[in-house]
Amino acid sequence: MERYEPLKIEQKWQKKWEEEEAFKATEVEGQPKVMLAEMFPYPSGAGLHVGHVRNFTIVDVLTRFFRQQGLNVMRPFGYDTFGLPAENYAIKTGTAPQEVTAVNIANFRKQAKKLGYAIDWSREINTSDPEYYRWTQWCFLQLFKKGLAYQKESYQWWCPEDQTVLANEQVENGKCWRCGHEVEKKKMKQWFFKITEYADELLEEIDNLEWPEKIKTMQKNWIGRSVGAEIDFEVEGGAPKIRVFTTRPDTILGATFLVLAPEYAGLEYIVSDDCKDAVAKYKSDALKKSEIERQENKEKTGVFTGAYAINPATKEKIPIYIADYVLSGYGTGAIMAVPAYDERDREFAEKFDLPIVEAELIDFDAYGTPKVTYRMRDWLISRQRYWGCPIPIAYDKDGNPHAIPEDQLPVVLPEVKDYKPDKSGRSALAKAKDWLTVEIPVKDPKTGKTRMEKMTRETDTLDGYACSSWYLWRYSSPHDDKAAWNEKAISYWEPLDYYCGGDHAVAHLLYIRFWCKFFADEGHLPFREPIKRLLYNGYINAPDGKKMSKSKGNVIDPLDVIDDGYGADTLRTYEMFIGPYDMDAAWDTRSVGGVYRFLNRCYNLCFDEEGSFSPLESVRDDRSEIASEPRDDGRERSGSRVEKNTIIRHKTIKKVTEDIHRYNFNTAVAALMEYVNELYKNGASKEDLTVLAKLLKPFAPHLASEMLEKLDSDDEWPKWEEKYLVADKVELVVQVNGKLRAKFAVPVEDLEDEKKITEMVLDDERIKKYTENGIKKTIFVKKNKLINMVV
RNA sequence: GCCCGAGUGGCGGAAUUGGUAUACGCGUUCGACUUAAAAUCGAAUGGAAACUUCCAUAUGGGUUCAAGUCCCAUCUCGGGCACCA
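Under the numbering used here, think of the first position of the first sequence as 27, with each following residue one higher.
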């Protein structure tokens, strides 16, 4: 007897799919389309891990499901290749990141093919390929032209280990998200994208997305819209007015002092001479304080500036303090403190012995102007690193930035020998002397003539998130050399219908929405939201329940699972069966064996000794008596095995179809297992097996293809018919006071006759003993085939 | 501190609209095949009882003919935010 040999079968089909370019997608006007993608991976040297497999398989199950349903499906693939791991490796070993990246991509591609994914390999993209980043630079220039990419000198998070600035989203608990080193604040001139320009729309449109509530809430909190007012306070002695932001302008009568952030601009005009030293010291201490220290010690600190302001409502003189509990980057960096209504102000007031006035609330119209403020800041995008997309900017001799003309794109990353950033904090690009100088055409404002001017290139590179903020659109025309994306192609395929990932809840998913709105405004995109549905999958942990990590030695390598003989189909199906897709799950090696046994049973149903399927009735006659034995539950008592199979076949089609639509992949697999168990009991017809193979194909495409080939069938998704879902006899549940007391097999038409049912039930010995003293009422629920007698 | 999730057998988990709790898988036990083992096939498997019941969905209350599901309170775990005025 032939045994199920997954590796042999899988090789055969993978070769076939590759040769046929089986998953190539082309636009067909009028045919409904579906586009799906996972969050493209960073191709690390370690290769695919089980988390990738879960993520990619979810996309693949949906991809194949929709293909089998006759939709025009596109499922591309790509690599997010710029970033620190390759660069740090380059610094350590001198190997060019370009080289390492090429090797890692080749490995990822090979592994993804080994998993049998239905990928259109002609749509493979790579963010560090000049063919790609040429258009990342083009995107930057569009933002630059509209003033949405701008430079600003401000205090920024700086990682002393990686020698680069970090965005707010890249600082986790006061530490660098990559190396874990404590970050500090440094005043620097940096590039920003003005994401705040779109804050309102980004917030408002969240509710229209088919995204998990968790992600939507996180984005809303991140944007953090607050409605309030700005109020000006005169400063005694003629210093510039202090403008504060408050959400409670109605409490102004209780404002007994002002507090400024230590970084408050214009502080020098306010501080009195005798307080200068104390203020200067407090300010420098605050800047040195790490984020960790600020978080751990929430005890209020601050110093008096020696200056006073006038409360415009009470006309009283109130002192001005500086304190680090007021943040420079939010609102105006200054607050009116109302200790009677605000807990933090109260703490401060108590510590510094300031008055706490329980004043009445007033209508504030006379004192403030309405103002909306956001917690979200502009997106800091420059990085002092080599391995990133060069910012297409050059500086004239006065230091003014100029756009590199679009016909000079891409600005290609120059080859260097030493990848270390220099001591001044500039990236290794500063060492590429030849590359650094560039000639840019400049229009002379007086003569109107254009002349070439020598300039110096920007040595910062773009945050990797910029590269991934438009890649979904590149998929629609991945090798177009005329435009970032082709308008016709993108309007057919996009927006993306399904996006699946388990990371980047805020940053990436907010940035890509921001760029979408910008490019829609520029007339380049025909939609304002890039992603219709988001599936946010959970992590896979080690068998001990802990996170997998090399140092703990608990990593499961998916390729080992395949090569151990289980094969890709088992791995894929197991990871779908492991639990609800959006919950974390622990790897269980023994359960992998269980899924393998299931696929083996599928195989054995289809391939007997002669290598042909086992037709119903011809085999397993030894069990025919058992099979036709009436069962206790009374269901289908009269049905033949063929009739039983027909019912369960249609039930299974319905269950699997609906489960995949609901992303309940685990219960879809369970339903297939139940179906196979039934076929083992009853025997299987060709029709039974064909349906099995079709339903199995999204999960285990190689085995299913092998079965379908044997059965001489296409893979068109089967349909169920409701009429087969109703057996002629059904099981009636009888409860007394809500407790299960008996089950009856009744003809389905009897459910229409409540009186008949009631009489029959009351006449039964099992029920009689409970109802001797009479019944108060009966509740009959036809839908649930249930009757409850209340005594 | 605030905002979300979640808590069901020995284990991972089902129960989709308030209606048969524990689907499916793992593990365990027994049986068939075998000289034997593996593989495979079949049966049993929440706990106490013992032939008919009782108790079980984190804990305590409530609503209902009926609650894992709804309401109130409490505990535990996970995630997010964390001086945002």
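Heads up, the beta-carbon is just placed ideally off N, CA and C, and yes, glycines get one too.
Exposure of residue 57, with buried meaning 16 or more beta-carbon neighbours within 10 Å: exposed
Using beta-carbon positions only, say whether residue 556 and residue 498 come within less than 7 Å of one another. yes
Here's the rule: buried if 16 or more other CB atoms are within 10 angstroms of the residue's CB, otherwise exposed. What is residue 639? Note that residue 639 has pLDDT 46, beneath the 50 cutoff, so the model's placement of it is unreliable and the number below is only indicative. Buried, because 16 or more other Cβ atoms sit within 10 Å of the Cβ of residue 639.
Report, in whole angstroms, the separation of the C-beta atoms of residue 174 and residue 108, which I expect to be a contact under 8 Å. Between residue 108 and residue 174 the Cβ distance is about 21 Å, and since that is not below 8 Å, they are no contact.
Using the beta-carbon count (16 or more within 10 Å), is residue 364 buried or exposed? buried
For residue 383, the three-state DSSP class (helix, strand or coil): coil
Just checking my contact of residue 341 with residue 334 at CB under 8 Å: how many whole Å lie between their CB atoms? At roughly 12 Å, the Cβ-Cβ gap does not stay under 8 Å, so residue 341 and residue 334 are not in contact.
Looking only at its chain, what residues have a beta carbon closer than 6 Å to the beta carbon of residue 93, apart from the 5 residues adjacent to it on each side? 99
Less than 7 Å between the C-beta atoms of residue 738 and residue 723, yes or no? no
Could you please give the first and the last residue of the uninterrupted beta strand (DSSP E) stretch that includes residue 332? 329-336
Taking the runs of the alpha helix (DSSP H) that are 4 residues or longer, which of them lie wholly in the segment 528-595? 533-547, 584-587
Distance, Cα to Cα, residue 591 vs residue 33? 7 Å
Which residue or residues does DSSP assign as beta-bridge partners of residue 772? 756
May I have a chain-ordered list of the beta strand (DSSP E) segments no shorter than 3 residues that lie completely inside the segment 44-127? 59-64, 98-100, 103-105
Judging by CA-CA distance, which residue of 215, 216, 214, 199 is the nearest neighbour of residue 1? Shown here, the chain extends from 27 to 817; a query on residue 1 therefore has no answer.
Does residue 369 pass the burial test, meaning 16 or more other C-beta atoms within 10 Å, or should it be called exposed? exposed
I'd like the list of long-range same chain contacts for residue 22, defined as Cβ closer than 6 Å, with 5 residues on each side in sequence excluded. Beyond the ends of the chain as shown, which are 27 and 817, falls residue 22; an answer cannot be given.
For residue 439, the three-state DSSP class (helix, strand or coil): coil
Where residue 205 sits in the DSSP three-state scheme: coil
Outcome for residue 371 when other beta-carbon atoms lying within 10 angstroms are tallied against a minimum of 16: buried
As a quick exercise: from 299, 626, 352, pick the residue whose alpha carbon is nearest that of residue 284. 352
Beta-carbon proximity of residue 127 to residue 154, cut-off 7 Å: yes
Identity of the residues DSSP links to residue 405 by a beta bridge: 219
Below 7 Å between beta carbons: does that hold for residue 753 and residue 673? yes
According to DSSP, which residues form a beta bridge with residue 526? 64, 561
Coil, strand or helix - residue 808 by DSSP: coil
With burial defined as no fewer than 16 other Cβ atoms inside 10 Å of the residue's Cβ, what is the status of residue 80: buried or exposed? buried
Report buried or exposed for residue 140, applying the criterion of at least 16 other Cβ atoms within 10 angstroms of its Cβ. buried
Out of 563, 477, 595, point me to the one whose CA is closest to residue 609's CA. 563
Can you find the residues in the same chain that come closer than 8 Å, C-beta to C-beta, to residue 522, ignoring five residues on each side of it along the sequence? 61, 62, 63, 498, 556, 557, 558
Is the beta carbon of residue 169 less than 7 Å from the beta carbon of residue 183? no
Reference residue 506; option with closest CA among 137, 149, 802, 203: 149
Start-to-end residues for the beta strand (DSSP E) that takes in residue 628: Element bounds for residue 628: not the beta strand (DSSP E) but the alpha helix (DSSP H), 615-632.
Take residue 90 and list the residues in its own chain whose beta-carbon comes closer than 7 Å to its own, dropping the five residues that flank it on each side. 144, 723, 724, 727
Cα-Cα, which of 798, 502, 526 is closest to residue 51? 502
Give me the residue from 213, 802, 164 with the minimum Cα distance to residue 541. 164
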